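Count the sequence shown with this note's numbering and you get residues 36 to 671, in order.
A virtual CB, placed ideally from N, CA and C, is assigned to each residue, including glycine.
Computed from a predicted model, the values in this text were never measured in an experiment.
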Amino acid sequence: MSNLLYISQQVIREIEQDIAIYPPERGGALLGPIGKPIVTRFLFDGEAITSYTSYRPSRTLNQQVKQVELSENLELKGIIHSHPNGMDRPSGQDEYELKVGLELNPHMAFYLAPIVTTLQSHQHLREHELRVGRDAKISFFSAYRQQGGSIRVEPIAVQEISAIELAQIEQNLAPVALPSSSKKILLQPHLERICQHFGSNVPPEIFITEIEGISIPVGRVILNGGLELLFLLSQSYPVTPPILWVTPMGGDTEQVELPWSLVTPPEERLVKAITSLITGHGPYQKVFRPLGKSGLTTDAKIAALAGWSGYYSEIDPKQAAIELQQGLFARSTGLLSQHISEKRVLIAGTGSVGSYLAEQLVRSGVGKSILIDPEKVETANLCRTNYEISDIGQPKVKALGRRLLNINPLVELTLEEKSLSAYEVAEFDALVREADLIVATTDDQAAQRILNRFAYFHGKPALFVGLYKGAEGGEVIFTIPKRTPCYLCATANRHQAELDLGRVSADGDYGSNGRVMGEVALVADIHHVTSVAVKMALSLLLPEDAQVKLKGFLNPAIEAGFNYLTLSMVPNYWFYPAIFGDTAGQYAYQSVWLTAQHREECPVCGGVHHRVDPRTIPLQELQAGDIRAALSRSLS
Numbered sequence: 036m037s038n039l040l041y042i043s044q045q046v047i048r049e050i051e052q053d054i055a056i057y058p059p060e061r062g063g064a065l066l067g068p069i070g071k072p073i074v075t076r077f078l079f080d081g082e083a084i085t086s087y088t089s090y091r092p093s094r095t096l097n098q099q100v101k102q103v104e105l106s107e108n109l110e111l112k113g114i115i116h117s118h119p120n121g122m123d124r125p126s127g128q129d130e131y132e133l134k135v136g137l138e139l140n141p142h143m144a145f146y147l148a149p150i151v152t153t154l155q156s157h158q159h160l161r162e163h164e165l166r167v168g169r170d171a172k173i174s175f176f177s178a179y180r181q182q183g184g185s186i187r188v189e190p191i192a193v194q195e196i197s198a199i200e201l202a203q204i205e206q207n208l209a210p211v212a213l214p215s216s217s218k219k220i221l222l223q224p225h226l227e228r229i230c231q232h233f234g235s236n237v238p239p240e241i242f243i244t245e246i247e248g249i250s251i252p253v254g255r256v257i258l259n260g261g262l263e264l265l266f267l268l269s270q271s272y273p274v275t276p277p278i279l280w281v282t283p284m285g286g287d288t289e290q291v292e293l294p295w296s297l298v299t300p301p302e303e304r305l306v307k308a309i310t311s312l313i314t315g316h317g318p319y320q321k322v323f324r325p326l327g328k329s330g331l332t333t334d335a336k337i338a339a340l341a342g343w344s345g346y347y348s349e350i351d352p353k354q355a356a357i358e359l360q361q362g363l364f365a366r367s368t369g370l371l372s373q374h375i376s377e378k379r380v381l382i383a384g385t386g387s388v389g390s391y392l393a394e395q396l397v398r399s400g401v402g403k404s405i406l407i408d409p410e411k412v413e414t415a416n417l418c419r420t421n422y423e424i425s426d427i428g429q430p431k432v433k434a435l436g437r438r439l440l441n442i443n444p445l446v447e448l449t450l451e452e453k454s455l456s457a458y459e460v461a462e463f464d465a466l467v468r469e470a471d472l473i474v475a476t477t478d479d480q481a482a483q484r485i486l487n488r489f490a491y492f493h494g495k496p497a498l499f500v501g502l503y504k505g506a507e508g509g510e511v512i513f514t515i516p517k518r519t520p521c522y523l524c525a526t527a528n529r530h531q532a533e534l535d536l537g538r539v540s541a542d543g544d545y546g547s548n549g550r551v552m553g554e555v556a557l558v559a560d561i562h563h564v565t566s567v568a569v570k571m572a573l574s575l576l577l578p579e580d581a582q583v584k585l586k587g588f589l590n591p592a593i594e595a596g597f598n599y600l601t602l603s604m605v606p607n608y609w610f611y612p613a614i615f616g617d618t619a620g621q622y623a624y625q626s627v628w629l630t631a632q633h634r635e636e637c638p639v640c641g642g643v644h645h646r647v648d649p650r651t652i653p654l655q656e657l658q659a660g661d662i663r664a665a666l667s668r669s670l671s
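Encoded structure:
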């Protein structure tokens, strides 16, 4: 260890004020940077049990020391107290207390026991002594461990330093290390407790290894099933945790961070940390879980997206995940079928509509999702989407994917952080063919038309959800190839309606990317329209043979020729007064179903000779210009 102890001038002044100017016995605790022979903090023990010849630290001081260790990243260095005149070294009782102190703090290389006494006239200070005030001195002693459990107490040279000197010395001074043999003795019972807890019959091993010229004690434990734990002791163990390397039988070694709490008694810290990372009695596998919950997956990529931490368990997480998924149907028995857990939904646009719709589908049991959106979460999104503060700056599809996995850990996700114009035709075509339902929730008219064309061409049912200006109204259009007109036909008169009424769709600058500027709207109104789309989506996803109520929900509308639903969130909206007139009980929240008409010349759902294979036109061309112009060019 270092032959020199450093103590700050501030600590000396505090010792003078609280101890030196009073009769003995008074005392307190000395603390400083972890692993270094420096004292920077003094805690006076105002509740100590004292007499003229004895001093016993209080429980309050012990609590204060722990609090300062945690809050200021310091460690206890020892106890200082005052003696009657002439007794300027530790007494026999003091030495006993020093032995107990070292036993209770096995991480400490030494334990200080300075003694405050009166400074005699013409007395010369020795190298282990400092003047405190005008008439007192501090004699610095330190206790060290010896083989066989005994201790030796001897003077330690001391130097008083200023705050400026302290910063420089602390930066350059190497930590004080326990001898390797002492650390081996310290580690042995901790490893034995780990083996006992997990029922391992293989005795622990402790050896010394050289890393960059430094001798480091290493502990090795083998648990059932061959899980190997290697502990590399830090210089101030057990104040700071060891480095842990974990190697499953036949697997790769990884370094694992140990949860470490100084509130836990030193002899229990390692066992408590390991039992929080390993459960059961083996054999073990690496699994991942939400904080404080059961393991849900062994897939590290899924866990990284979901924000789950890893640990080692003997329990297969699949069953826990299956039980969670099955629980999603607990309150929808007779309404939904568990067949929808195998259905895949493609959602383009994960803003206020898309994020809410995706979450509700997963909460209803839909098991697979393709999410497409090029944007990142912004602060403005938080007021009407499902995103949180921690999501700001993250891609929307990843933030939404994390949320969905924390609802159903078995949900299968395909996350596409890109706009439709960034796809090659074949790449986008493959995504549509994989899906059972297409949901268009973008604020880009060209994107809506692209989704319409590919969905209809591949015989996929589709939903198109839109909000009108200020979310005072909205629409949900569903299309089923061969049974309903397509979205392009359903909205053929939209542009004329916008000119005539000026309130059908949001004002915005579609520019080169077709993106609508953000509208001021209440999230409640947005969700009102989106909830309708959720129910339609679930109905469209149910298989034909599903014996549940929701399966036939849309059949009457289809038979009546309705596939275009409009909704209002304010009174006297749009053309609604002309329809409802003086009908009693009418106010806001009205709805009207519209009948869309097939157009023979429609390139999507029109006559056979008018239809165009969407795979023959680059998506970039469609995104940039009017669809009819693009189709004309493709046919010329």
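DSSP links Y622 through a beta bridge to no other residue. Secondary structure remark: continuous beta strand (DSSP E) runs of at least 3 residues inside the region 96-183, in chain order: 109-117, 150-153, 164-167, 171-174, 176-180. In its chain, beyond the 5 residues on either side, I382, T385, S404, L406, L435, L439 have a beta carbon closer than 7 Å to the beta carbon of A393. By the 16-neighbour rule on beta-carbons within 10 angstroms, V135 is exposed. Note that the C-beta distance between T477 and Y491 is not below 8 Å.
Bridge pairing for F266: G254, L279 [DSSP]. I114 and S43 have their C-alpha atoms spaced approximately 16 Å apart. Your pair E200 and P68 does not check out as a contact, with CB atoms roughly 14 Å apart and the cut at 8 Å. Shown here, F615 sits in a helix according to DSSP, grouped into three states. In the DSSP annotation of this structure, the continuous segment of the alpha helix (DSSP H) that includes P301 starts and ends at 301-312.
Distance from the Cα of V564 is smallest, within the candidate group V193, F499, Q655, for F499.
For the beta strand (DSSP E) assignment, the uninterrupted runs of no fewer than 3 residues enclosed by the region 426-505 are, from N- to C-terminal side, 447-451, 472-475, 497-502. Each of Q99, Y90, N108 was checked against the Cα of G70, and the nearest Cα belongs to N108.
Shown here, I350 sits in coil according to DSSP, grouped into three states, outside any helix or strand.
Secondary structure of Q290 (DSSP, three-state): strand. Within 10 angstroms of the beta-carbon of R366 lie fewer than 16 other beta-carbons, which makes it exposed. Residue burial annotation: F463 is buried, with at least 16 other C-beta atoms found within 10 angstroms of its C-beta. By the neighbour-count criterion, in which 16 or more other beta carbons inside 10 Å mark a residue as buried, G389 falls on the buried side. Residues of the same chain with their beta carbon placed closer than 8 Å to that of D617 are lacking, with the five preceding and five following residues left out of the count. In this structure, the beta-carbon distance from F233 to L268 does not fall below 8 Å. Around the beta carbon of G400, a 10 Å sphere encloses 16 or more other beta carbons of the protein chains shown; the residue is thus reported as buried. Three or more beta-carbon pairs separated by less than 8 Å link the region 118-134 to the region 175-189, which places the two stretches in contact. The beta-bridge partner set that DSSP reports for V46 is empty. By the Cβ-count criterion, F242 is exposed, with fewer than 16 other Cβ atoms from all chains shown falling within 10 Å of its own Cβ.
Assigned with DSSP and collapsed to three states, G509 falls in strand.
Between the region 337-355 and the region 308-324 there are three or more C-beta pairs closer than 8 Å, enough to call the two in contact. Of all C-beta pairs linking the region 409-426 to the region 368-383, fewer than three are shorter than 8 Å, placing the two stretches out of contact. Judged by DSSP in its simplified three-state form, L297 adopts coil rather than helix or strand.
Of the residues assessed, L39 falls on the exposed side of the cut-off, its CB having fewer than 16 other CB atoms within 10 angstroms. The alpha-carbon separation between G587 and Q632 amounts to approximately 23 Å.
N236 has its alpha-carbon roughly 45 Å from the corresponding atom of F364. Residue pairing by DSSP puts F77 in a beta bridge opposite L65. Annotation: E195 is outside any alpha helix (DSSP H); the continuous beta strand (DSSP E) that includes it extends over 192-196.
Non-local C-beta neighbours of T449 in its own chain, meaning closer than 6 Å and more than five positions away in sequence, comprise I405, ordered along the chain.
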